[in-house]
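Below you'll find the structure, written out as structure tokens, and then a few comments.
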Amino acid sequence: MRDERAAGLKSKRLIGEILVETAGLAPETLAYALGVQREKGGRLGEILLQKKAISESALLAALAVQFGCLFTEKLPETVSSAFVARAPLPFLKKYKMLPLEEERVVVVNDPTLFQPVDDLCRLLGWRSAAMRLAPADAILATLNALFDVHQGSAEQVIQDMRDEDSQQIISEIEGTGDLLDDTSDAPIVKFVNLMLSQAVRAGASDIHVEPYQESFKIRYRVDGILYDMFSPPRHIQSALVSRIKIMAKLNIAEKRLPQDGRIEIRIGDKNVDLRVSTIPTAHGERVVLRLLDKSNVVLRLASLGMSEAVLASFNRLIKLPHGIILVTGPTGSGKTTTLYAGLSAINSAAINILTIEDPVEYRLEGIGQMQVNSKIDLTFARGLRSLVRQDPDVILVGEIRDLETAQIAIQSALTGHLVFSTLHTNDSASAVTRLVDMGIESFLVTSSVVAILAQRLVRVLCVNCKEAYQPSEAALAGIGITPEMAAGHVFYREKGCPACLNTGYRGRIGIYELMMMNESVKSSIIKSFDANIIQRVAMEQGMVTLRQDGVRKVCEGVTSMEEVLRVTQ
């Protein structure tokens, strides 16, 4: 079969000619690429892709014409996983091949890989197969999904472990790069891999491993809410914690002291960082894993949920030459994501951006990022003092925690730097009170701070199952919606379906309160740093509060009234 296809290829049209005809490739671009090919070798299509002269889809469509096969942009939503037991995942991923057993078709990204296709046919017991082309990402995503499901469920592994010997010794194997490639049969290894992959699939931000006197719980935090997921047998607690500590390169013999570590893994097509924290409790070590999905980070301001007015103002603020922009809110309210999105929006070769964070959550290309390290006395204040000597244009301080850090940040803003930072306060006006309480003079606050953005995250109603209803007038009044405001709007509430884990919500979006430091607000701060007075003046100047922005999203059908009340109480 391979020889017939290779012989047939000799009589086919040249790929360059097909691309000129089907993809609108300019003849001069083709001539340039052919010159590069003569000089350096390589495939013409890959040279054109590297030069961004064509897209992958255009190349695959041209190859389909050349090889006389079909090209598909999207693969079927349901693909049989019967081949999974016979064809190893590393082999399929290496050559980017996906067999469709019902059609006797092998989907490939490179139609010249005759030998691997023949080997796959032998593994599956096929005499021959048709070939179809598809993008590499589509093939890999389908393979990862099929093998993830085929590995079984964490619940089944737990059931298998209930009969295991309580003295079972955990296999101390280093985690593989892709957890879906890890074929270890050790129950603990298998369970940890499944626990992590299911958490990523569920969109969890944290995994809690909690031992109690008579029970052992594993909970996921999804969209800010903790849910019970598994209750493994109590006797595996020590082995499970040891497995996690081995992956995080922590000391498994030390069970009396808290430890912190980090795990970098790949689950299918997702690169995930896990921050691991262990503490000793009366019933054994408790572990919390914070999941940071690096392939899913939103770094565009327009995607965060800001209103048009707030977005326009914030875009203008981040381009100022100097001053302090503060973002406030409790832990887990999305402050870091907002700051990173702001930095990404202004990041260019013309300016020098430096950050000091605890910890560095996401690596940003073209930005110098420093991590706080208390073990060597590298604090925010000490690191910030060094950063200002690195000729920065923009500085991000992860958090203003003390007077010294606040003083250096204000001094930096007054000497021509734009400073981004965060504070843990309930609203924007309270940030002024916090700075004054730290010991900063009110006139320094008004002369350095240009704006304060308060934010919260509300859960988004699942689009697959949210249901319309008519809330009572009392419920509407309780959140601040008048009958006039409600007119013409449809209100929705959560229901629950498999797509949202029966929670009624899927994903989160921000609600925002932007307080601009205009002359009226500055005057009120100089007279009194009472947060209520400052907020009242800011609202008179047109500031939209967190609750009001939440009401806007309720009226738009994005979230529910209960969710806005929960985060703005």
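If you use this note's numbering, the sequence shown closes out at 566, no skipped numbers anywhere. No residue lacks a Cβ here, since even glycine has one placed at the ideal position from N, Cα and C. As the structure is a prediction and not an experimental result, all values here were calculated from the model.
Exercise for review: Taking Gln538 as the reference, give the member of Thr334, Ser521 and Thr109 with the closest Cα.
Suggested key: Ser521
Review point. Considering only residues of the same chain and omitting the five flanking positions on each side of Ala483, which have a CB-CB separation below 7 Å?
Key: Leu473
Practice item. Let me know the secondary structure DSSP gives Glu43 once reduced to three states. Key: helix
Point to revise | Cβ pair Leu384, Ile392 closer than 9 Å | key: yes
Check your understanding: Does the count of Cβ pairs from the stretch 298 to 308 and the stretch 267 to 275 closer than 8 Å reach three?
Key -> no
Check your understanding: Of all the beta strand (DSSP E) runs that stay within the bounds of the stretch 428 to 474, which reach a length of 3 or more residues?
Key -> 446 to 458 and 464 to 466
Exercise for review: Measure from the alpha carbon of Ala471 to the alpha carbon of each residue in Thr479, Arg490 and Lys550, then state which is nearest.
Suggested key: Thr479
Exercise for review: Using a threshold of 9 Å, state whether the C-beta atoms of Leu296 and Ala338 are closer than that.
Suggested key: yes
Check your understanding: Just to confirm, are Ile44 and Ala30 a CB contact at a threshold of 9 Å?
Key -> yes
Exercise for review: Would you decide whether Ala299 is buried or exposed? Buried here means 16 or more other CB atoms lie within 10 Å of its CB.
Suggested key: exposed
Practice item. Throw me the rounded Cβ distance for the Phe526 and Thr430 pair, which I believe falls under 8 Å. Key: 5 Å
**Study point:** Element boundaries [alpha helix (DSSP H), containing Gly190]
**Key:** It should be noted that the sequence gives Asn, not Gly, for residue 190. Looking at the DSSP string, the run of the alpha helix (DSSP H) that includes Asn190 is Pro184 to Ala199.
Practice item. Could you round the C-beta distance between Val455 and Ile506 to whole angstroms and report it? I think they count as a contact, below 8 Å. Key: 6 Å
Point to revise | Helix, strand or coil at His486 [DSSP, three-state] | key: coil
Practice item. Helix, strand or coil for Ser425, going by three-state DSSP, please let me know. Key: helix
Practice item. Please list, in chain order, all residues of the same chain as Thr422 whose beta carbon is under 6 Å from its beta carbon, the five residues on each side excluded. Key: Thr325, Ala428 and Arg431
Check your understanding: For the ligand SAH, is there a heavy atom less than 8 Å away from the beta-carbon of Leu381?
Key -> Summarising the ligand content, the structure contains no ligands, and the ligand SAH is consequently not present.
Check your understanding: When you compare each of Asn141, Ala58 and Thr26 to Gln47 by their alpha carbons, which one comes out closest?
Key -> Thr26
Point to revise | For His205: DSSP bridge partner residues | key: Arg216 and Val285
Exercise for review: With Ala127 as the anchor, note down where its alpha helix (DSSP H) starts and where it stops.
Suggested key: Looking at the DSSP string, Ala127 is not in any alpha helix (DSSP H); the run it does join, the beta strand (DSSP E), is Ala127 to Leu130.
**Study point:** Three-state secondary structure assigned by DSSP to Lys519
**Key:** helix
Practice item. Quickly, what does DSSP pair Ser274 with across the bridge? List them, please. Key: Asp257 and Val285
Practice item. Using the Cα positions of Ile136 and Asp374, report the straight-line distance between them to the nearest angstrom. Key: 48 Å
Point to revise | Sequence-distant residues of its chain with Cβ nearer than 6 Å to Ser517 (five each side left out) | key: Val534 and Gln538
Practice item. Report all residues from its chain with a CB closer than 7 Å to the CB of Leu117; omit the five preceding and five following residues, and keep chain order. Key: Ala84, Met94, Pro96 and Val103
Exercise for review: Tell me whether Thr565 sits in a helix, a strand or coil according to DSSP, three-state version.
Suggested key: helix
Review point. Three-state secondary structure (DSSP) at Val349?
Key: In the sequence as displayed, the identity of residue 349 is Asn instead of Val. Asn349: coil per DSSP, three-state reduction.
Check your understanding: Can you check whether the CB of Phe213 is closer than 9 Å to the CB of Ala131?
Key -> no
**Study point:** Endpoints, alpha helix (DSSP H) assigned at Val551
**Key:** Leu543 to Cys552
Practice item. List the endpoints of the continuous alpha helix (DSSP H) containing Tyr29. Key: Pro24 to Lys37
Review point. Looking only at its own chain, which residues have a Cβ that is under 8 Å from the Cβ of Asn499, when we skip the five neighbours before and after it?
Key: Gly493
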